[in-house]
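Residue numbers (my numbering), protein chains in the order written: chain B, 1 to 251; chain Y, 1001 to 1287; chain L, 2001 to 2315. Each residue gets a CB set at the ideal place from its N, CA and C atoms; glycine is no exception. Here the structure is a predicted model, which is why all the values come from computation and not from measurement. Please read the structure below before turning to the comments.
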Amino acid sequence: MEAKVIFGMPILEVDCVRKSFGGLTAVNDVSCAVPEGKIFGLIGPNGSGKTTLFNLITGFMKPNSGKVRFDGEDITGVQAQRICKAGIARTFQLSKPFGTMTVFDNIVVGRLYGNEPARSLKRARSESEEYMLLTGLENKRRVTAGTLGLVDRRKLEVARALATRPKMLFLDEMMAGLNHREIEDAMVLLRNLKNAGMTMMVVEHIMKALLAVSDHVMVLCTGRKIAEGTPKEIVCNEQVIEAYLGEDHDA
Amino acid sequence: MIAQIIMYGVIIGIFYALVAVGLSLLFGVMKYMNIAHGSFVVIGGYISFWLFNLLGIDPFLSIPFVLVIMFVIGLIVYGLVFSPLKRFAEGQRLGNSMLITFGLILVLDNLVAFLWTSDVKTITAPYSGQVIQLLGIRVPFTSLGVIGVTFAIIGILHLFLSRTYIGQSIKATAQDWEAASLLGININRTYLIACGISVALAGAAGTAVVLMYSISPYSGLEWMLISMIVLVFAGLGKIREVFLAGLALGLLEQLGVFLLGGHYRAVVGLVLFVLILILRPQGLFAK
Amino acid sequence: MNETDKSRQSFLAYIVGGVVVLIFILLPVSMNVGRYVLSLLFTFFIYIVLSQSWNLVGGYTGQFNLGLAAYFGSGVLSCSIFYSSGINPILSLLAAGFVAIALACIIGLPTMRLRGVYFSIGTLALAEALRLTVTNLWPTSLYVPATHYERFTILTNYYMALGLAVFTIIVVHLMVNSRIGMALTAIRDDEDAAKSMGVSPTKHKVTVFVVSSFLAGLAGGVFTLFRGVITPTFQFTPEWTFGPLVAACIGGLGTIVGPLLGSVFFVILQEIFSQTLGKMHFIITGILFILVILFLPRGLVQSATTIRQLFKSKL
Ligand SMILES: Nc1ncnc2c1ncn2[C@@H]1O[C@H](COP(=O)(O)OP(=O)(O)O)[C@@H](O)[C@H]1O
Ligand SMILES: [Mg+2]
Chain B
1 MEAKVIFGMP
11 ILEVDCVRKS
21 FGGLTAVNDV
31 SCAVPEGKIF
41 GLIGPNGSGK
51 TTLFNLITGF
61 MKPNSGKVRF
71 DGEDITGVQA
81 QRICKAGIAR
91 TFQLSKPFGT
101 MTVFDNIVVG
111 RLYGNEPARS
121 LKRARSESEE
131 YMLLTGLENK
141 RRVTAGTLGL
151 VDRRKLEVAR
161 ALATRPKMLF
171 LDEMMAGLNH
181 REIEDAMVLL
191 RNLKNAGMTM
201 MVVEHIMKAL
211 LAVSDHVMVL
221 CTGRKIAEGT
231 PKEIVCNEQV
241 IEAYLGEDHD
251 A
Chain Y
1001 MIAQIIMYGV
1011 IIGIFYALVA
1021 VGLSLLFGVM
1031 KYMNIAHGSF
1041 VVIGGYISFW
1051 LFNLLGIDPF
1061 LSIPFVLVIM
1071 FVIGLIVYGL
1081 VFSPLKRFAE
1091 GQRLGNSMLI
1101 TFGLILVLDN
1111 LVAFLWTSDV
1121 KTITAPYSGQ
1131 VIQLLGIRVP
1141 FTSLGVIGVT
1151 FAIIGILHLF
1161 LSRTYIGQSI
1171 KATAQDWEAA
1181 SLLGININRT
1191 YLIACGISVA
1201 LAGAAGTAVV
1211 LMYSISPYSG
1221 LEWMLISMIV
1231 LVFAGLGKIR
1241 EVFLAGLALG
1251 LLEQLGVFLL
1261 GGHYRAVVGL
1271 VLFVLILILR
1281 PQGLFAK
Chain L
2001 MNETDKSRQS
2011 FLAYIVGGVV
2021 VLIFILLPVS
2031 MNVGRYVLSL
2041 LFTFFIYIVL
2051 SQSWNLVGGY
2061 TGQFNLGLAA
2071 YFGSGVLSCS
2081 IFYSSGINPI
2091 LSLLAAGFVA
2101 IALACIIGLP
2111 TMRLRGVYFS
2121 IGTLALAEAL
2131 RLTVTNLWPT
2141 SLYVPATHYE
2151 RFTILTNYYM
2161 ALGLAVFTII
2171 VVHLMVNSRI
2181 GMALTAIRDD
2191 EDAAKSMGVS
2201 PTKHKVTVFV
2211 VSSFLAGLAG
2221 GVFTLFRGVI
2231 TPTFQFTPEW
2241 TFGPLVAACI
2251 GGLGTIVGPL
2261 LGSVFFVILQ
2271 EIFSQTLGKM
2281 HFIITGILFI
2291 LVILFLPRGL
2301 VQSATTIRQL
2311 FKSKL
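In structure tokens, the structure reads:
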């Protein structure tokens, strides 16, 4: 399928990437383009290859074929830490805090090593404050990250990713397991980030929330792209209803 | 000359398989690393040595005794050392098993040195030193005996694993312990027995060591490294490939001896080991 | 614990550290301690260096190097060779450190590609290969020039070892409290997360490995200047890995105090038992080691903290 350029200049272009694990093709020739400053939603049933696509773009896996371009540069198969320094940050579906460090230090790592690293430890510390506030972690600063509960772990994932000062943010199911209030908070955060100019690719199982915040949505099913369009187009798409909405009960 | 290299390589290789098979079984079933394996080899050697010296039992005939004694030691070791590892999360068990068996080396080796002094011991049986002409090459009688023992032990192990219920449950657990436990297999008991067998096999290898070479309290490390090399050549946890891997190591070592001299025998194996670990971690024989 | 508490605590640690070092500096000149005590303290200092060096890799990156003896041994051997060929002892000592670095680059870097237990057995295998090779090449003892004994009294050796121990602690302290230290902890806690935030695991692991080898090499050099006569085989034996490893693990991985505590413990135990029972202290150490791994994964330091907190909460 050809990548459709929808509106604006794409900052990320994924061109026919494929990833197989033995006999299983987890991502099957998927293409997409994400314009700068927009929220690109990614949905699909469990096991449809969303996380794998994230891994391919963010350097945690190498695609068997296809290309990924970011900000005018070919980043296909580049190591994850380099990709971070090129301006891509991500969260993990299963959160991965630095368990023995404090919440604050977790964020400081992002300021020290990310896209625009601070020059000194002192600088990094003072610059980290804003991400504590932004995600509402300020009263947890000295808590050891390994002991955090689910909600705070999610917040920390986002805060840490933002602390690397990315041009584009990849969020993998950050709302899963949150209650209504927390989901609302998360959506407000996403909108605020968008207003500040952040480009985002968001995987979410909670359809309503995803459709509400996304500018553009892509649907994956067993590794293939089955639909793409505005949230309105997606809810009307026959194939999507059949493949996903019909059998989905988590939403 | 070539014939001799091959002959010695084959003999020593088969012996190496015997040394390593217990470790491979343990890793295959439990996914634990027992770096004290060599120390159990040494202890087995001492048991044979004392049975020979005190009671005059022929070392080959002492093997059943060694197997039984070491099996019991293996059960105790499981209870004291491996069983507590369950308190760790699954991802941390392998690393911690290595550390704990490292502590076990310190205890066992020094206990052995304390009990039996650090002298080097070997068995001189009536037939030690006798050689047999085989295809025009002189082969020590004890080596041939050890090969016979190895075939017997590996054959019995194979029959045990494929014909008995316990053997089958060991194999099933090795493949997938969760599935095995769903089938109603008692995982703890399977681990216990596998550990006993592993240590018993190490003991039998010790008898071979004391016959063909000699033992001393701190020589366990050498045998552990040999087992580890064979294990990595075979592919971790693969029991059937151990035989081929032992042969490969024996032949490569003899080739190294031929090219570099006898002093470098062990160096060849160790360097190949690291290379294979880095370049071909799935083992020599995986497709 | 709040920020001022913490800085007050580290201030206290500096004071205590300074006082202890001062005591060690003044000890030989103010009191008539014999050769025995001085050489015991010498061993203690060498142990501090080696266990800190081991802990830098084992404790801060979580990679258990079972080949430390190779770096210590190469320091011993190279220092002895340089020194007996007429090179200034201090230069020989430094050269020992750099030989260890060179060795780390040649045989250490390939093993960096291995993870977990495979890294451990890989480093052990290479260290053993090196030991056997060295034994083949230098089967007998090496002697330093006769003038050595005029130049190096036990007191000079004592101060050199003390100096190296202090240097080591300062280097480790600076490293782990810098941005490198943050990266190391991040990598140890979660390598993927660290990568996703721009931290290069390989770069940091290599840096730490090289520094660790350098320190072990220097320890080897100081040891050579102390002994005068060395037998290469003995300085490459795995005991030189196992002792520091055990000291660091018992004391507390990934802390600076841990290896210090562990070294005190280890050297004292070794000394008590070597008078009566030879290497029997290893049996006790081994059992203790197993217990610590199983029940106190962060060592004696952790239990000290726990006890102190219990104490505080009672008050
Ligand atoms: N490392 C891996 N090895 C083998 N199979 C994998 C791996 N990662 C993902 N898969 C498989 O790829 C498919 C897609 O997985 P994933 O991308 O996690 O789906 P999603 O995030 O959409 O739920 C699944 O069938 C999964 O089992
Ligand atoms: Mg997923």
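Neighbour flag for residue i against chain B, beta carbons, 9 Å
i	result
G2254 of chain L	yes
A2183 of chain L	yes
K2195 of chain L	yes
Same chain, Cβ closer than 6 Å to residue i, neighbours up to 5 away in sequence not counted
i	result
L2130 of chain L	A2070
S1024 of chain Y	L1231, I1239, V1242
G1196 of chain Y	F1071, G1074, L1075
E13 of chain B	A33, R69
L2245 of chain L	W2054
V5 of chain B	Confidence in V5 of chain B is poor, its pLDDT being 48 and thus under 50, which makes the residue's placement unreliable; the coordinate value appears in the next sentence. Around V5 of chain B: A33.
T2153 of chain L	none
Nearest-angstrom beta carbon gap, residue j and residue i [assumed within contact, 8 Å]
i	j	result
V1230 of chain Y	L1249 of chain Y	6 Å
T164 of chain B	G110 of chain B	4 Å
D2192 of chain L	F60 of chain B	7 Å
G2067 of chain L	A2127 of chain L	3 Å
M1212 of chain Y	T1142 of chain Y	6 Å
P166 of chain B	I88 of chain B	6 Å
L1085 of chain Y	I1100 of chain Y	7 Å
V143 of chain B	V103 of chain B	5 Å
L2074 of chain L	A2100 of chain L	Strictly speaking, residue 2074 of chain L in this sequence is Ser, with Leu absent from that position. Indeed they touch by this definition, with Cβ atoms about 5 Å apart.
Counterpart residues of residue i in DSSP-defined beta bridges
i	result
S65 of chain B	B:R18
V219 of chain B	B:I43, B:A227
V2076 of chain L	None, per the DSSP bridge assignment.
L269 of chain B	The structure shown does not extend to residue 269 of chain B, since chain B is modelled only from 1 to 251, so the question has no answer here.
V1139 of chain Y	Y:I1132
D74 of chain B	B:R69
R89 of chain B	Reading the sequence as shown, one finds Ala at residue 89 of chain B and not Arg. Answer is B:L169, bridged to A89 of chain B.
Any C-beta of chain L under 9 Å from that of residue i
i	result
F1082 of chain Y	no
A1266 of chain Y	yes
V1274 of chain Y	yes
A1202 of chain Y	no
M187 of chain B	no
N1096 of chain Y	yes
T25 of chain B	no
G146 of chain B	yes
M61 of chain B	no
A1205 of chain Y	no
Residues near residue i in its chain [Cβ-Cβ closer than 8 Å; skip 5 each side]
i	result
G1091 of chain Y	none
H249 of chain B	Bear in mind that a pLDDT of 46 at H249 of chain B, under 50, signals an unreliable position, so the number given afterwards is only what the model happens to contain. Around H249 of chain B: no qualifying Cβ.
E2 of chain B	For E2 of chain B, the predicted model reports a pLDDT of 46, less than 50, meaning its position is unreliable and no value from the coordinates is stated.
G1103 of chain Y	none
A1172 of chain Y	A1179, A1180, L1183, I1185
G77 of chain B	G59, K62, P63
Cutoff 7 Å; reference residue i; Cβ partners in own chain excluding five residues on either side
i	result
L1051 of chain Y	I1057, S1062, F1065
M2001 of chain L	Below a pLDDT of 50, predicted positions are generally treated as unreliable, and M2001 of chain L, at 44, falls in that range; the measurement from the model is reported next regardless. Contacts found: none.
F2223 of chain L	I2046, V2076
G1256 of chain Y	Y1264, R1265, V1268
S2303 of chain L	L2296
A209 of chain B	M175, I183, M187
G1044 of chain Y	V1066, M1070, A1202, G1203, A1204, A1205, G1206, T1207
Residue-level contact to chain Y via CB, residue i, 9 Å cutoff
i	result
N2002 of chain L	In this prediction, N2002 of chain L has a pLDDT of 48, which is less than 50 and means its spatial position is unreliable; what the coordinates show is noted afterwards. No, its Cβ sits nowhere closer than 9 Å to a Cβ of chain Y.
P2201 of chain L	no
A2102 of chain L	no
T2305 of chain L	no
I2283 of chain L	yes
*Can you list, in chain order, the stretches of the beta strand (DSSP E) that have 3 or more residues and sit fully within the stretch 2170-2228 of chain L?*
none
Complete runs of the beta strand (DSSP E) confined to the stretch 104-163 of chain B [at least 3 residues]: none
| said: Report the start-end ranges of each alpha helix (DSSP H) in the stretch 1215-1244 of chain Y that is 4 residues or longer and not cut off at the edges. | reply: Segments of the alpha helix (DSSP H) lying fully in the stretch 1215-1244 of chain Y: 1220-1234.
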